[in-house]
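Protein chains in written order, with our numbering: chain S, 1 to 102; chain P, 1001 to 1172; chain R, 2001 to 2625. Beta carbons: idealized from backbone N, C-alpha and C, even for Gly. Since the model is a prediction, treat every value here as computed from it, not as a measurement. Everything below concerns the one structure shown next.
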């Protein structure tokens, strides 16, 4: 039986989330940015699982499954967009893809 | 049991750090898969074996493989120089400070955690399934529509457009 | 039957809307007959309403109809409501009837003008506004009509807008009347503040109940309303716009700047006579202003060369008579003179319009001459008009109306010898300048050839108006001859009776004097301007004549006193001192734009960072509270 306090568990999820955030802010490569978003999604799912155990309810796990579905769609669309961006701009540098400026 | 949690948590954090700081995309993705596997161990420890299995199969299996495919398709795994140029060490400072502040907030928020419900027991995958297809039936349907939209969208975006311009007229 | 009064202002308004909205699609003929026809129907309705009103005079001597509530804010209520009494009946009769004749005339007069439908649209709007002005039951609606006629006056003076001078004349008229209107609206505000209502009848009742005679508030309000009347009626010191207003087409001068709009001031004072009787000092001022104006305008008319300017000064002078009558309390005499003046002055302007039109826009009377044989109809009608203007004894209508004013100027309790003397000098001048006009224009040798003959559309209205200028006087005969008071009996249903001194037996003497004076004036005009022009040759070139011609130099004085200092101030402020403040605000905005657009750089990571900073900030704030 796991006796790690629930605060420590959430702290773990939080550290993962903020690592994802740092990655998102630091990396300029779109693939890495998408990876960082994955990390953040995953840590959010982790919190749901922790909460499900904490409250002894299945709902948290249900939510994780939904997150999984959303992530799958997001990755599929995101990667397709990355392909198109690379095809169009010949780069993956987000700082170069700034046509929205005007 | 606790020691397993700390070990896998440590592996997850370290491999995530490696993943976000790596220069080679393929290496980063492999670190990320490692991190996801470690997290699935944590899921198992958190009495959610079904979710742990899903994590391995869908996250580490399907999604990451998709990443690797695309990375290989774009052939960006070898752009070390460019990545090095992009990853100026000074760029880490501000996001790290920001993340530290947010982590501090999280710790602050965790001070008053409510106590757990007594008599915790294993949540069976059966329970999850029943809940999913009764209480959350509508959400399941919506998720299905979302997946459908994702499939169509990915297909549409992924298909290569025919060239409109003659190759001489293309911008270099 | 009297409910039909709603239609009287509504018909010209409808016609205005038709002409404005579909004017481009209508042929000239249709547009002209819509324009004139609507006024014609309104005139017909006026006669029907008038007969039924006189036949069965209501208990209150008036008839009101509320159409709808216009404004209702707090205790401020104003209705679109019309009120018919004998005063407004006289006015709507003149407006619609003379207006109809002038519209008929205009169909012929404007036939070749490119702005034909525009002209009729403006004229109809004018008639509608003027009818609203005189029928309005509350002072706010009256002000609407008041400003409406001012607008139409502006539009029609500047009708031939391709000539910059016409535009300047239009602006001058608009700005000078604005001075009076500003005073008037302040007066209206005072009335509303004091009595809490806009209804004219209520105001009059409350004013006589609440305000003592000569109380300062009453004097101030009456003076402010008088300011509005002075501006609109071109009286001293705001008279300078009217001679320039002759830049408009002749029918406009006839309708607006002679027959109707310029008498709005007379209407205003007659309508609010209770206020003026509460402020005797203001009433005395009205009489003095009237006397001064009629003298100044009479002298000015004597020296003019432009046919229409003579008539313009004569209009100012005749309205001066009306003000004199109002000032001494002879309201019915003033209104009677208004009606007669509307007939003959419209006639004179229309006839002058024909003369000017057939002589190819020749305005200078010294370049005319000898037109008597060439255009007999115009000559005879013009002669009748001039005779009426100069109050030729017994046969012309103006003799009776002007004589009444002169008599009351002397015999009224507030009148006296000085006012009468000013009036009689004015009568002499009137006779002199009107027959100067006749002799120079129609007699002597011909200097220009008429290019064509005026059609029936133009001459028939002249004949009708000439007839009225003669017989119109017989509805009101003085006590000494005939003692027939049809008109004043009608008008006195609404307006107060005049109180006169106990000198009634002298009336015939004064009539004799004024008859003599008018005849002498005509004879002297014959001597000086026809028989022996050499007598006054020296005078014609004198400085005094020049001074008269420039209208006693009012324009120049105003130019030095008001226009030059304002232009000077504007020169100083060329760089827009106060604008700098506003410009600095806009500069701040532009600077802010530059500053913020740095953030809008299209860099996704930048957006993400600011997003994260925002979240961190809010979370920290929430958790450390």
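Residues of its chain near residue i, where Cβ-Cβ distance is below 8 Å and the 5 sequence neighbours each way are ignored
i, result
"residue 2610(R)", "2599"
"residue 2036(R)", "2100, 2103, 2104, 2106, 2107, 2120"
"residue 2356(R)", "2250, 2307, 2308, 2362, 2363"
"residue 1174(P)", "Limits of chain P in this structure are 1001 at one end and 1172 at the other, which puts residue 1174(P) out of reach."
"residue 89(S)", "96, 97"
7 Å CB neighbourhood of residue i in its chain, flanking five on each side removed
i, result
"residue 95(S)", "28"
"residue 1039(P)", "1012, 1055"
"residue 2186(R)", "2224"
"residue 2236(R)", "2289, 2292, 2293, 2296"
"residue 2018(R)", "2034"
"residue 2448(R)", "2359, 2362, 2367, 2368"
"residue 2219(R)", "2279, 2281, 2282"
Those residues which DSSP pairs with residue i across a bridge
i, result
"residue 2072(R)", "2077(R)"
"residue 2136(R)", "2082(R)"
"residue 2477(R)", "2484(R)"
"residue 2063(R)", "2084(R)"
"residue 29(S)", "93(S)"
"residue 2412(R)", "2500(R)"
"residue 2306(R)", "2364(R)"
"residue 2199(R)", "2138(R)"
Neighbour-count burial assignment, residue i, 16 or more Cβ in a 10 Å radius
i, result
"residue 54(S)", "buried"
"residue 2072(R)", "exposed"
"residue 2124(R)", "buried"
"residue 2181(R)", "buried"
"residue 2576(R)", "exposed"
"residue 2597(R)", "exposed"
"residue 2165(R)", "exposed"
"residue 2248(R)", "buried"
"residue 2048(R)", "exposed"
"residue 2337(R)", "buried"
"residue 1044(P)", "buried"
"residue 63(S)", "buried"
"residue 1136(P)", "buried"
"residue 2507(R)", "buried"
"residue 2261(R)", "buried"
Spatially closest choice to residue i from the options, by CA coordinates
i, options, result
"residue 38(S)", "74(S), 86(S), 84(S)", "74(S)"
"residue 2342(R)", "2468(R), 2141(R), 2280(R), 2445(R)", "2468(R)"
"residue 2380(R)", "2404(R), 2608(R), 2352(R), 2083(R)", "2352(R)"
"residue 1125(P)", "1052(P), 1158(P), 1098(P)", "1052(P)"
"residue 2091(R)", "2511(R), 2570(R), 2129(R)", "2129(R)"
"residue 2389(R)", "2313(R), 2359(R), 2146(R), 2096(R)", "2313(R)"
"residue 15(S)", "46(S), 59(S), 4(S)", "46(S)"
"residue 1018(P)", "1007(P), 1010(P), 1032(P), 1009(P)", "1032(P)"
"residue 5(S)", "1158(P), 1112(P), 1089(P)", "1112(P)"
"residue 2006(R)", "2137(R), 2614(R), 2059(R)", "2137(R)"
"residue 2365(R)", "2410(R), 2378(R), 2443(R), 2420(R)", "2443(R)"
"residue 2263(R)", "2334(R), 2210(R), 2510(R)", "2334(R)"
"residue 50(S)", "1005(P), 1071(P), 1063(P)", "1005(P)"
Beta-carbon contacts of residue i that lie in its chain and below 6 Å, excluding the five residues immediately before and after
i, result
"residue 2172(R)", "2241, 2244"
"residue 93(S)", "28"
"residue 2190(R)", "2221"
Minimum Cβ-Cβ distance from residue i to chain C less than 7 Å
i, result
"residue 2623(R)", "No chain C appears in this structure, whose protein chains are S, P and R."
Does the stretch 2031–2041 of chain R touch the stretch 2111–2130 of chain R, meaning 3 or more C-beta pairs lie closer than 8 Å? yes
Say whether the stretch 2299–2307 of chain R touches the stretch 2537–2555 of chain R, bearing in mind that this needs 3 or more beta-carbon pairs closer than 8 Å, one atom from each stretch. yes
Below 8 Å, how does it come out for the stretch 2516–2528 of chain R and the stretch 2431–2445 of chain R: are there three or more Cβ pairs, yes or no? yes
Per the contact definition of three or more C-beta pairs closer than 8 Å, is the stretch 2250–2266 of chain R in contact with the stretch 2152–2159 of chain R? yes
Count the C-beta pairs between the stretch 2037–2056 of chain R and the stretch 2065–2083 of chain R that are closer than 8 Å, then say yes if the count reaches three, no if not. no
Mind the definition here: the stretch 2483–2495 of chain R touches the stretch 2072–2090 of chain R only if three or more C-beta pairs lie below 8 Å; say whether that holds. yes
Would you check if the stretch 2313–2320 of chain R and the stretch 2418–2430 of chain R touch, i.e. whether three or more CB-CB distances between them fall below 8 Å? yes
Decide yes or no for the touch test of the stretch 2021–2028 of chain R against the stretch 1011–1031 of chain P: beta carbon pairs closer than 8 Å, at least 3 of them. no
Please determine if the stretch 2383–2400 of chain R and the stretch 2462–2476 of chain R are in contact, where contact requires at least 3 C-beta pairs separated by less than 8 Å. yes
Is it the case that the stretch 1100–1110 of chain P contacts the stretch 34–51 of chain S, given that we only count it when at least three CB pairs across the two stretches are under 8 Å? no
Okay, do the stretch 2183–2199 of chain R and the stretch 2128–2145 of chain R touch, 3+ Cβ pairs below 8 Å being the bar? yes
Check whether the stretch 1089–1098 of chain P and the stretch 67–81 of chain S touch, using three or more Cβ-Cβ pairs below 8 Å as the test. no
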